[in-house]
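Everything in the sequence shown is counted per the working numbering, starting at 1001 for the first residue and increasing by one. Glycine included, each C-beta is placed from N, C-alpha and C at the ideal position. Since the structure is predicted, the reported quantities are computational estimates derived from the model, not experimental observations.
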Amino acid sequence: MTAPIFVDTNVFIYALDDADLKKRDAARAWRAELWKSRRGRISFQVLQEFYVKVTQKWPRARQGAQSEVRDLLAWKPVTVDEGLLERAWNLQDRYKLSFWDALIVAAAKAAACRYLLTEDLQAEQDLEGVVVVDPFLRDPAALS
(Lines of atoms letter the chains of each structure in order from A and count residues from 1; the text may use other names and numbers.)
(Lines give C-alpha, C1' and ligand atoms only; values in the text may rest on other atoms or scores of the structure.)
Protein backbone atom coordinates (compact mmCIF):
# COMPACT_ATOMS: atom_id res chain seq x y z
CA MET A 1 0.00 0.00 0.00
CA THR A 2 1.24 3.47 -0.76
CA ALA A 3 1.41 6.16 1.90
CA PRO A 4 -1.76 7.82 3.16
CA ILE A 5 -2.60 11.34 1.98
CA PHE A 6 -3.80 14.03 4.37
CA VAL A 7 -6.61 16.24 3.08
CA ASP A 8 -7.17 19.81 4.22
CA THR A 9 -10.65 21.23 4.71
CA ASN A 10 -10.70 23.31 1.53
CA VAL A 11 -10.71 20.20 -0.67
CA PHE A 12 -13.96 19.00 0.90
CA ILE A 13 -15.52 22.47 0.65
CA TYR A 14 -14.66 22.85 -3.04
CA ALA A 15 -16.17 19.42 -3.75
CA LEU A 16 -19.56 20.87 -2.77
CA ASP A 17 -19.23 24.35 -4.27
CA ASP A 18 -20.51 25.02 -7.78
CA ALA A 19 -18.96 28.52 -7.87
CA ASP A 20 -15.71 27.21 -9.39
CA LEU A 21 -16.47 24.13 -11.48
CA LYS A 22 -12.83 23.36 -12.25
CA LYS A 23 -11.93 23.24 -8.55
CA ARG A 24 -15.14 21.40 -7.73
CA ASP A 25 -14.36 18.69 -10.27
CA ALA A 26 -10.72 18.39 -9.15
CA ALA A 27 -11.77 18.15 -5.50
CA ARG A 28 -14.33 15.49 -6.34
CA ALA A 29 -11.74 13.50 -8.30
CA TRP A 30 -9.36 13.56 -5.32
CA ARG A 31 -12.11 12.65 -2.88
CA ALA A 32 -13.29 9.74 -5.05
CA GLU A 33 -9.76 8.40 -5.53
CA LEU A 34 -8.98 8.61 -1.82
CA TRP A 35 -12.21 6.83 -0.90
CA LYS A 36 -11.45 4.12 -3.46
CA SER A 37 -7.84 3.64 -2.37
CA ARG A 38 -8.59 4.13 1.35
CA ARG A 39 -5.57 6.43 1.56
CA GLY A 40 -7.38 9.56 2.76
CA ARG A 41 -6.55 10.91 6.21
CA ILE A 42 -7.87 13.91 8.12
CA SER A 43 -7.98 15.32 11.63
CA PHE A 44 -10.83 16.29 13.88
CA GLN A 45 -9.81 19.89 13.13
CA VAL A 46 -10.65 19.26 9.46
CA LEU A 47 -14.02 17.75 10.38
CA GLN A 48 -14.86 20.69 12.64
CA GLU A 49 -13.82 23.30 10.07
CA PHE A 50 -15.74 21.49 7.35
CA TYR A 51 -18.95 21.38 9.39
CA VAL A 52 -18.73 25.04 10.41
CA LYS A 53 -17.88 26.33 6.91
CA VAL A 54 -20.55 24.26 5.16
CA THR A 55 -23.30 25.20 7.58
CA GLN A 56 -22.34 28.88 7.44
CA LYS A 57 -22.25 28.95 3.64
CA TRP A 58 -25.34 26.80 3.14
CA PRO A 59 -27.48 27.04 6.33
CA ARG A 60 -29.96 24.42 5.12
CA ALA A 61 -27.17 21.87 4.66
CA ARG A 62 -26.73 21.00 8.33
CA GLN A 63 -27.98 17.42 8.15
CA GLY A 64 -26.02 16.75 4.97
CA ALA A 65 -22.88 18.13 6.60
CA GLN A 66 -23.45 15.95 9.65
CA SER A 67 -23.81 12.91 7.42
CA GLU A 68 -20.60 13.77 5.54
CA VAL A 69 -18.72 14.18 8.84
CA ARG A 70 -20.00 10.80 10.02
CA ASP A 71 -18.83 9.20 6.76
CA LEU A 72 -15.40 10.84 7.03
CA LEU A 73 -14.83 9.23 10.42
CA ALA A 74 -13.71 6.23 8.33
CA TRP A 75 -10.66 8.30 7.33
CA LYS A 76 -9.13 7.76 10.80
CA PRO A 77 -9.14 11.37 12.06
CA VAL A 78 -6.16 12.47 14.11
CA THR A 79 -7.08 13.81 17.54
CA VAL A 80 -5.57 17.05 18.75
CA ASP A 81 -3.74 16.32 21.99
CA GLU A 82 -0.85 17.80 23.96
CA GLY A 83 1.80 16.18 21.78
CA LEU A 84 0.18 17.41 18.57
CA LEU A 85 -0.01 20.94 19.96
CA GLU A 86 3.70 20.87 20.82
CA ARG A 87 4.59 19.61 17.34
CA ALA A 88 2.39 22.30 15.78
CA TRP A 89 4.08 25.05 17.80
CA ASN A 90 7.49 23.75 16.72
CA LEU A 91 6.41 23.70 13.06
CA GLN A 92 4.91 27.17 13.42
CA ASP A 93 8.20 28.56 14.70
CA ARG A 94 10.44 26.65 12.30
CA TYR A 95 8.50 27.33 9.09
CA LYS A 96 6.70 30.57 10.04
CA LEU A 97 3.29 28.97 9.48
CA SER A 98 -0.01 30.10 10.90
CA PHE A 99 -0.99 28.05 13.93
CA TRP A 100 -3.87 26.39 12.06
CA ASP A 101 -1.65 25.40 9.13
CA ALA A 102 1.00 24.09 11.53
CA LEU A 103 -1.64 22.01 13.28
CA ILE A 104 -2.69 20.50 9.93
CA VAL A 105 0.94 19.65 9.08
CA ALA A 106 1.47 18.14 12.55
CA ALA A 107 -1.66 16.01 12.12
CA ALA A 108 -0.51 14.86 8.67
CA LYS A 109 2.83 13.84 10.15
CA ALA A 110 1.09 12.05 13.04
CA ALA A 111 -1.00 10.11 10.50
CA ALA A 112 2.19 9.01 8.70
CA CYS A 113 1.18 10.89 5.55
CA ARG A 114 3.75 11.62 2.87
CA TYR A 115 1.51 14.19 1.17
CA LEU A 116 -0.76 17.02 2.31
CA LEU A 117 -3.46 18.18 -0.12
CA THR A 118 -4.04 21.90 0.35
CA GLU A 119 -3.99 25.13 -1.58
CA ASP A 120 -3.15 27.07 1.58
CA LEU A 121 0.59 26.30 1.64
CA GLN A 122 3.39 26.48 -0.92
CA ALA A 123 3.08 23.56 -3.34
CA GLU A 124 5.94 21.05 -3.29
CA GLN A 125 7.26 22.40 0.01
CA ASP A 126 8.63 19.61 2.22
CA LEU A 127 7.68 20.18 5.85
CA GLU A 128 9.60 17.56 7.84
CA GLY A 129 8.74 14.77 5.43
CA VAL A 130 5.23 15.95 4.54
CA VAL A 131 5.11 17.30 0.98
CA VAL A 132 2.48 19.91 0.13
CA VAL A 133 0.45 19.11 -2.99
CA ASP A 134 -1.94 21.62 -4.53
CA PRO A 135 -4.93 19.44 -5.44
CA PHE A 136 -5.92 21.87 -8.17
CA LEU A 137 -2.57 21.65 -9.93
CA ARG A 138 -1.96 17.88 -9.69
CA ASP A 139 -4.08 14.95 -10.67
CA PRO A 140 -4.71 12.08 -8.22
CA ALA A 141 -2.95 9.68 -10.61
CA ALA A 142 0.30 11.59 -10.00
CA LEU A 143 0.46 10.22 -6.45
CA SER A 144 -0.58 6.63 -7.15
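- With 16 or more other Cβ atoms from the protein chains shown falling within 10 Å of its own Cβ, Ala1026 counts as buried.
- A direct Cα-to-Cα measurement between Leu1097 and Glu1049 gives close to 18 Å.
- The way I'd put it, the segment 1110-1119 doesn't touch the segment 1054-1069; fewer than three beta-carbon pairs between them come closer than 8 Å.
- In the three-state scheme derived from DSSP, where H, G and I count as helix and E and B as strand, Asp1093 is classed as helix.
- Secondary structure at Gly1083: helix, using DSSP grouped into helix, strand and coil.
- Of the residues assessed, Arg1041 falls on the buried side of the cut-off, its CB having 16 or more other CB atoms within 10 angstroms.
- Checking the DSSP bridge columns, you'll see Asp1126 partnered with Val1131.
- Under DSSP, Tyr1115 forms a beta bridge with Ile1005, Val1131.
- Out of Ala1088, Leu1016, Lys1022, Trp1075, the CA that lies nearest to the CA of Arg1038 is found in Trp1075.
- Bridge pairing for Ser1037: absent [DSSP].
- Taking a C-beta distance under 7 Å as the contact criterion, Cys1113 and Phe1012 do not qualify as a contact pair.
- Between the beta-carbon of Lys1053 and that of Thr1009 there is about 7 Å, and that keeps the pair under the 8 Å contact cut.
- In the three-state scheme derived from DSSP, where H, G and I count as helix and E and B as strand, Ser1067 is classed as helix.
- Boundaries of the alpha helix (DSSP H) harbouring Val1052: 1044-1057, taken from the DSSP string.
- In this structure, Leu1127 lies away from Ala1106, with their beta-carbon atoms at least 7 Å apart.
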